[in-house]
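Using UniProt numbering, you'd call the opening residue of the sequence shown number 1 and step up by one each time.
To start, the structure itself, in structure tokens.
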Amino acid sequence: MKLLAFDTATDACSAAVCCDGASVHRYAVAPRGHTALLLPMIEAVLAEAGLRLGELDGIAFGRGPGAFVGVRIAAAVAQGLAFAADLPVVPVSTLAALARQAWRVHGAQNVAAALDARMGEVYWGAYRATAAGDVVAVGDERVCPPAAVPVPAGDDWVGIGSGWDACTEALHAVCPVRAQLRDAQPHALDVAVLGGLRLARGEGVAAEHAQPVYLRDEVAQTLAARAAAAR
């Protein structure tokens with residue numbers, strides 16, 4: 001399996017190529033720098049892997065949730081490259097990629113991933129890691145206030161993502177975790193592995209169906225509008 005993957009859904013920008021079990025990658029934390037960084041990163045990892053775009057089996061990208069502009073950048077680049085090379089695309093959850101990072105780096109089996117969604121909310125998803133290096137969702141991903149997150153059963157959970165930094169006390173009040181992994185951001189290596197597993201299961205889609213996932217229906221909804229809608 002030869003797969004290109006990238007993620008720009010948070011302040012981190014990363015790209016990776018996985019080829020027959022080996023991988024090369026680039027990673028940088030560069031808020032508002034994704035547009036300038038992503039394509040050079042992609043060119044660099046393909047060159048280091050000795051592959052041309054047309055030799056790949058597919059493209060995986062972090063489809064969100066996350067920063068709206070960043071998620072759109074990744075989806076647009078994935079579509080453009082896939083159209084050009086006639087490749088299938090695998091959209092991979094940013095939250096799932098974070099959960100797999102917790103397993104890959106720290107061996108965490110049960111992971112509660114949360115990203116800061118602003119406006120007093122978090123993007124939330126709970127996952128269990130498998131022996132194959134996949135992560136399986138426990139319930140649906142959602143965007144909600146910390147007090148409303150769906151708490152998974154059990155007490156052996158590890159928290160990861162910017163939501164745990166932004167809303168530490170509120171999240172701990174409803175979902176105590178045994179450890180909290182700070183300063184973690186999604187990495188293309190995890191997007192690549194999850195994308196490869198999904199592509200092998202036939203879950204790749206045509207380029208035109210590679211869509212971002214925001215979780216919020218209204219991208220630019222104000223606090224006032226949200227308060228009015230809640231009444």
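For every residue, glycine included, the Cβ atom is placed at its ideal position computed from N, Cα and C.
Owing to the predicted nature of the structure, the values given are computational and were not obtained by experimental measurement.
Determine the DSSP secondary structure at R128, reduced to helix, strand or coil. If DSSP states are grouped into helix, strand and coil, R128 belongs with the strands.
What is the C-beta distance between L37 and K2, in whole angstroms, given that I count them as a contact (C-beta under 8 Å)? 23 Å between Cβ atoms; not a contact.
Measuring straight from C-alpha to C-alpha, what distance separates H172 and V151? H172 and V151 have their C-alpha atoms some 11 Å from each other.
Please report how far the alpha carbon of D165 lies from the alpha carbon of R182, in whole angstroms. Approximately 7 Å, taken between the alpha carbons.
Throw me the rounded Cβ distance for the H82 and I160 pair, which I believe falls under 8 Å. The question names His, but residue 82 is Ala in the sequence shown. Actually they are not in contact, since the Cβ atoms of A82 and I160 sit about 29 Å apart, beyond 8 Å.
Measure how close the beta-carbons of A170 and A147 come, nearest whole angstrom, since I'm counting them as under 8 Å. 6 Å
Three or more C-beta pairs closer than 8 Å, one from the stretch 186 to 193 and one from the stretch 18 to 27: is that the case here? yes
Near A108, which residues of its chain fall below 6 Å by C-beta distance, leaving aside the five closest residues on each side in sequence? A102, V158
How should Q131 be labelled, buried or exposed, when 16 other C-beta atoms within 10 angstroms of its C-beta is the threshold for buried? In the sequence under discussion, the amino acid at residue 131 is Ala, which differs from the Gln named in the question. Exposed: under 16 other Cβ atoms inside 10 Å.
Does the distance from the CB of A90 to the CB of G58 come in under 8 Å? Before going on, a small fix: residue 90 reads as Val here, not Ala. Going by C-beta atoms, V90 is nearer than 8 Å to G58.
Roughly how far, in whole angstroms, is the beta-carbon of G64 from the beta-carbon of Y214, given that I think they are within contact range, below 8 Å? 6 Å
CB-CB under 6 Å to D116, same chain, minus the five flanking residues each way: which ones, in chain order? S162, G163, A166
Please classify A179: is it buried, with 16 or more other beta-carbons within 10 angstroms of its beta-carbon, or exposed? By the neighbour-count rule (16 or more Cβ atoms within 10 Å), A179 is not buried but exposed.
Outcome for D7 when other beta-carbon atoms lying within 10 angstroms are tallied against a minimum of 16: buried
Give a yes or no on whether the C-beta atoms belonging to P186 and T35 are separated by under 8 Å. no
Output the distance between the C-alpha atoms of V219 and G62, rounded to the nearest integer angstrom. Only weak support exists for where V219 lies, its pLDDT of 48 falling under 50; the coordinates are left without a value.
Residues near T222 by beta carbon distance below 8 Å, same chain, minus five either side: In this prediction, T222 has a pLDDT of 44, which is less than 50 and means its spatial position is unreliable; nothing more can be read from the coordinates.
Residue(s) in a DSSP beta bridge with F68: Beta-bridge partners assigned by DSSP to F68: none are found.
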